[in-house]
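One structure below.
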């Protein structure tokens, strides 16, 4: 037993010795690696705290004007700007790294959808990174709407389903479930549509869509029986 303990102590000492030898032999290389890591971390922190923060201040000011045009339904001005203030396209291009630049993608996608630029709407909304409970679901739903306009019902159904599962809530989820069920009926998938309507009735009975679900369930059942 004493010999085993002595052997273990020798092994530990040898390991420590080898480590010290490695450090001594590679001190310069290790110093370069550690220095590079320090520079990289410092650069990242500077980028986040100074560069991105500075861009965010500029972007939020620019977005204020574009968002105002969007809410007034002046969509061309929202997209392209008014000559004095940036439009959403330029904000996205100039400030893509900032939170306001990200939000501009959402507004831009919605503006494209409402002006009939459906491919652009899909591209812009897919690049949007939602941070809240509501806009992620609305963005997925809008992508679904764009695909419906592009006569791609399968993709529309896929995105309506994503929208209905994105941070479920009493506001957007019933709307997206109704869109999903309607798209399924359009593909003659009445059984699946009925299941969605039943979920609406069960999980969101107080919503406008939930109160209407029963008549749609009856309609789907009638179509299944044909």
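Numbering (our numbering), first residue to last: 5 to 230. Built from N, CA and C at the ideal position, the CB exists for glycine as well. Small disclaimer: the values here were computed from a predicted structure and weren't measured.
Measuring C-alpha to C-alpha distances from residue 229 to each of 209, 200, 194 and 219 identifies 194 as the nearest. With a 10 Å radius around the Cβ and a threshold of 16 neighbouring Cβ atoms, residue 163 comes out buried. Contact between residue 142 and residue 165 is ruled out by a C-beta separation of about 15 Å, above the 8 Å threshold. Spatial neighbours of residue 125 in its own chain (CB-CB distance under 6 Å, excluding positions within 5 residues in sequence) are listed in chain order as 113, 116, 117 and 150. When C-alpha distances from residue 127 are compared across 96, 138 and 101, the shortest belongs to 96.
By the neighbour-count definition (other C-beta atoms within 10 Å, threshold 16), residue 105 is a buried residue. In this structure, DSSP gives residue 76 a state outside helix and strand, which the three-state scheme calls coil.
For residue 99 against residue 59, the beta-carbon gap comes to about 5 Å, under 8 Å, which counts as contact. For the pair residue 144 and residue 87, the Cα-to-Cα distance works out to about 32 Å.
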